[in-house]
Amino acid sequence: MDDAAALHWSAPDSSVPQPSNRFVAVPEATGPPRLLLPLTLRLRRRTPTAILDAGFSAVRFRFVRAVAVSLVILGPLVVVPTVFSASEQFRALDAAQQQGSTGQVFGGGLGTDFSSIGVWGWLATIGSYLATGLVGVAMAGFLGGWVVGRDPSFGDILRLVGRASPAVVVAALVTLPLKGLGFLVCLIGALVPMVWFMLISPVIALERAGPFAAIKRSFRLINRRFMPALGQVVLCGLIVTVLGTVASAIVAALSATDSATWLVWLAGSLTMVLRVLTACLHGAWATLLYFDIRTRSEGIDLEMRIQALEMNP
Numbered sequence: 191m192d193d194a195a196a197l198h199w200s201a202p203d204s205s206v207p208q209p210s211n212r213f214v215a216v217p218e219a220t221g222p223p224r225l226l227l228p229l230t231l232r233l234r235r236r237t238p239t240a241i242l243d244a245g246f247s248a249v250r251f252r253f254v255r256a257v258a259v260s261l262v263i264l265g266p267l268v269v270v271p272t273v274f275s276a277s278e279q280f281r282a283l284d285a286a287q288q289q290g291s292t293g294q295v296f297g298g299g300l301g302t303d304f305s306s307i308g309v310w311g312w313l314a315t316i317g318s319y320l321a322t323g324l325v326g327v328a329m330a331g332f333l334g335g336w337v338v339g340r341d342p343s344f345g346d347i348l349r350l351v352g353r354a355s356p357a358v359v360v361a362a363l364v365t366l367p368l369k370g371l372g373f374l375v376c377l378i379g380a381l382v383p384m385v386w387f388m389l390i391s392p393v394i395a396l397e398r399a400g401p402f403a404a405i406k407r408s409f410r411l412i413n414r415r416f417m418p419a420l421g422q423v424v425l426c427g428l429i430v431t432v433l434g435t436v437a438s439a440i441v442a443a444l445s446a447t448d449s450a451t452w453l454v455w456l457a458g459s460l461t462m463v464l465r466v467l468t469a470c471l472h473g474a475w476a477t478l479l480y481f482d483i484r485t486r487s488e489g490i491d492l493e494m495r496i497q498a499l500e501m502n503p
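Counted the way this note's numbering counts, the sequence shown spans residues 191 to 503.
1) Does DSSP put D243 in a helix, a strand or coil?
2) Please say whether I347 and V259 have beta carbons closer to each other than 8 Å?
3) Please identify the residue among A244, L433, A439 whose C-alpha is closest to the C-alpha of L329.
4) Within 7 Å: the Cβ of R407 and any heavy atom of the ligand ZN?
5) Per DSSP, what kind of secondary structure is F402 in: helix, strand or coil?
6) From G421 to A240, what distance separates their C-alpha atoms?
7) Hey, out of A354, G473, F387, L350, whose CA is closest to P367's CA?
8) Check each candidate in I490, V270, L324 and name the one with the smallest Cα separation from L394.
9) Would you mind stating whether G334 and L396 have Cβ atoms separated by less than 8 Å?
10) Tell me which same chain residues have a C-beta within less than 7 Å of the C-beta of T322, skipping the five on either side of it?
11) Count the other CB atoms within 10 Å of the CB of W312; is the residue buried (16 or more) or exposed (fewer)?
12) Taking the alpha carbon of P238 as the point to measure from, which residue in W336, C426, L464, S438 has its own alpha carbon closest?
13) For P342, count the other beta carbons within 10 Å of its own beta carbon; 16 or more makes it buried, fewer makes it exposed. Which is it?
14) Let's see if you can read the secondary structure: which residues bound the alpha helix (DSSP H) around L313?
15) Output needed for S408: all residues of its chain with C-beta closer than 8 Å, excluding positions within five of it in sequence on either side, in chain order.
16) Please determine, among A476, R410, V360, the residue with the shortest C-alpha to C-alpha distance to F402.
17) Just mark F481 as buried or exposed, buried being the case when its beta carbon has 16 or more other beta carbons within 10 Å.
18) Taking only three categories from DSSP, how would you classify L479?
19) I need the boundaries of the alpha helix (DSSP H) containing V262, first residue and last residue.
20) In three-state terms, what does DSSP make of T237?
21) At the level of alpha carbons, what is the spacing between S277 and G370?
22) Name the residue from A474, V309, G400, A399 whose alpha carbon lies nearest to the alpha carbon of D326.
23) Grouping DSSP H, G and I as helix and E and B as strand, with all else coil, what is R407?
24) What are the boundary residues of the alpha helix (DSSP H) that S391 is part of?
25) A476 and L460 look like a contact to me (Cβ under 8 Å); what is the Cβ gap, rounded to whole Å?
26) Taking the alpha-carbon positions, what's the L227 to M462 distance?
27) Cα-Cα, which of R414, V269, V249 is closest to T315?
28) Among G434, L478, D491, which residue has its Cα nearest to the Cα of R465?
29) What number of angstroms, rounded off, separates the C-alpha of G221 from the C-alpha of T431?
30) Should S275 go down as buried or exposed, given a rule of 16 or more other Cβ atoms within 10 Å for buried?
31) CA-CA distance, R236 and V337?
32) Alpha carbon to alpha carbon, what distance is there between S318 and T292?
33) How would you call P383, buried or exposed, if buried means at least 16 neighbouring beta carbons within 10 angstroms?
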């Protein structure tokens, strides 16, 4: 520093911000908090086994909320007719006890005897079929919100289910004859229409499609990945069969007891728990398959990331 500069030098003014080469923490922009989504649920390509694993993660992620929504849906469609059906079983039990043939009433565990299912039993069966599609809409709503950083509330999902209910019911009734025809031909033949139409609920929930447009859309998406989708359906069926077998074994192990009344309620409770869990899992698996197919063929992962950035800048 020369003498002239030294004469005019003074200490820096502390009130004026001085430059610094340190990184300064900048507060994030105000807005809704980001959702910490598990890695297993983020958009990416998945194998059928990875989809199954992610389905369990989806149900666990918001377990109470998912079960609560499922119970609201299953209540009027399944629980109510099942209770009336159970009352008919009580009457059949009384008649069987008088004839000394109690074992014939409960020998089938949780299996379905279509010759003696009764009107309420048929209503419960049809209601369970429709409820599966509606719970699928609910799980699609959850997953569709999570992948863009939103956490849909209980009310948000119920409103979504309410708006989608007419389309789901119409689509379910339209595809029912095809599925029934597959069962009449052979059990393996029933898998084909089941695979073709398994994406109806996610399409209705996430694309706001009508029933017939959702049927066509599901058919076209599945045909892009038919064999992996078929493998997933088989794996899902095996898991549900194992769960049903375990529940039936519990009831069968207790069928020799003298308390037949509580046995009926135990069988009904196990059936309801199984239906709630399987409905949630089916909905999650279908939605994850929907995302997988669209990620592979349409690049929906990039679309969702852009939407997430717009919602959470």
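Beta carbons: idealized from backbone N, C-alpha and C, even for Gly.
This is what the structure gives:
1) Residue mapping note: residue 243 aligns to position 53 of the sequence shown, counting from 1. It is helical.
2) Here the question's residue 259 lines up with position 69 in the sequence shown. Here the question's residue 347 lines up with position 157 in the sequence shown. Yes, the Cβ-Cβ distance between V259 and I347 is below 8 Å.
3) In the sequence shown, the residue the question calls residue 329 occupies position 139. According to the sequence shown, residue 329 is Met rather than Leu. Among A244, L433, A439, the Cα nearest to that of M329 is on A244.
4) With respect to the ligand ZN, the structure offers nothing, as it holds no ligand at all.
5) The residue given as residue 402 occupies position 212 in the sequence shown. Helix.
6) What you label residue 421 is simply residue 231 of the sequence shown in a count that begins at 1. What you label residue 240 is simply residue 50 of the sequence shown in a count that begins at 1. Near 12 Å, if we compare the C-alpha coordinates of A240 and G421.
7) On the sequence shown, residue 367 is found 177 positions in, with the first residue counted as 1. Looking at the Cα atoms, F387 is the closest of the given residues.
8) The count along the sequence shown starts at 1 and reaches residue 394 at position 204. Correcting the residue type first, residue 394 is Ile in the shown sequence and not Leu. Here the closest residue by C-alpha is L324.
9) The sequence position of residue 334 within the sequence shown is 144, counting from 1. The sequence position of residue 396 within the sequence shown is 206, counting from 1. Yes, the Cβ-Cβ distance between G334 and L396 is below 8 Å.
10) Against the sequence shown, residue 322 aligns to sequence position 132. Same-chain partners within the cutoff: A469, H472.
11) Counted from its first residue, the sequence shown places residue 312 at position 122. Result: exposed.
12) Residue mapping note: residue 238 aligns to position 48 of the sequence shown, counting from 1. Of the candidates W336, C426, L464, S438, the one whose C-alpha sits nearest the C-alpha of P238 is C426.
13) The residue labelled residue 342 in the question sits at position 152 within the sequence shown. Buried is the call here.
14) In the sequence shown, the residue the question calls residue 313 occupies position 123. Here the alpha helix (DSSP H) through L313 covers 308-336.
15) For the purposes of this step, residue 408 is taken as the residue at position 218 of the sequence shown. So the list reads W386, F387, M388, L389, I390, V393, once near-sequence residues are dropped.
16) Mapped onto the sequence shown, residue 402 falls at position 212. Residue V360 is the option with its Cα nearest to F402.
17) Here the question's residue 481 lines up with position 291 in the sequence shown. That one is buried.
18) Within the sequence shown, numbered from 1, the residue matching residue 479 stands at position 289. Three-state DSSP puts L479 in a helix.
19) In the sequence shown, counting from the first residue as 1, residue 262 sits at position 72. 253-264 is the span of the alpha helix (DSSP H), which, as asked, contains V262.
20) Taking the first residue of the sequence shown as position 1, residue 237 is located at position 47. Coil, per DSSP.
21) Numbered from 1 along the sequence shown, position 87 holds the residue referred to as residue 277. Numbered from 1 along the sequence shown, position 180 holds the residue referred to as residue 370. Going by the C-alpha atoms only, they are around 29 Å apart.
22) What you label residue 326 is simply residue 136 of the sequence shown in a count that begins at 1. Looking at the sequence shown, residue 326 is not Asp but Gly. Comparing Cα-Cα distances from G326 to each of A474, V309, G400, A399, the minimum goes to A474.
23) One-based indexing of the sequence shown puts residue 407 at position 217. In this structure, R407 counts as helix in the three-state DSSP scheme.
24) As a position in the sequence shown, residue 391 is number 201, starting the count at 1. 390-397 is the span of the alpha helix (DSSP H), which, as asked, contains S391.
25) Looking up residue 476 in the sequence shown gives position 286. Looking up residue 460 in the sequence shown gives position 270. A476 to L460, Cβ: 24 Å. No contact.
26) In the sequence shown, the residue the question calls residue 227 occupies position 37. In the sequence shown, the residue the question calls residue 462 occupies position 272. Cα to Cα, L227 sits roughly 29 Å from M462.
27) Residue 315 sits at position 125 when you count from the first residue of the sequence shown. For T315, the nearest C-alpha among the options comes from V269.
28) If you number the sequence shown from 1, residue 465 lands on position 275. Ranking G434, L478, D491 by Cα distance to R465 puts G434 first.
29) Mapped onto the sequence shown, residue 221 falls at position 31. Mapped onto the sequence shown, residue 431 falls at position 241. Only weak support is given to the placement of G221: the predicted model assigns it a pLDDT of 41, under 50, and the value that follows is read from those uncertain coordinates. Cα to Cα, G221 sits roughly 45 Å from T431.
30) Translated into the one-based positions of the sequence shown, residue 275 becomes position 85. Buried, since its Cβ has 16 or more Cβ neighbours within 10 Å.
31) Translated into the one-based positions of the sequence shown, residue 236 becomes position 46. Translated into the one-based positions of the sequence shown, residue 337 becomes position 147. Looking at the two C-alpha atoms, the distance is approximately 15 Å.
32) Here residue 292 refers to the residue found at position 102 when the sequence shown is read from its first residue. Here residue 318 refers to the residue found at position 128 when the sequence shown is read from its first residue. Low confidence applies to T292: its pLDDT is 46, below 50, so where it sits in the model is not reliable, and the reading given next is rough at best. Their backbone Cα atoms lie some 27 Å apart in a straight line.
33) Mapped onto the sequence shown, residue 383 falls at position 193. Label assigned to P383: buried.
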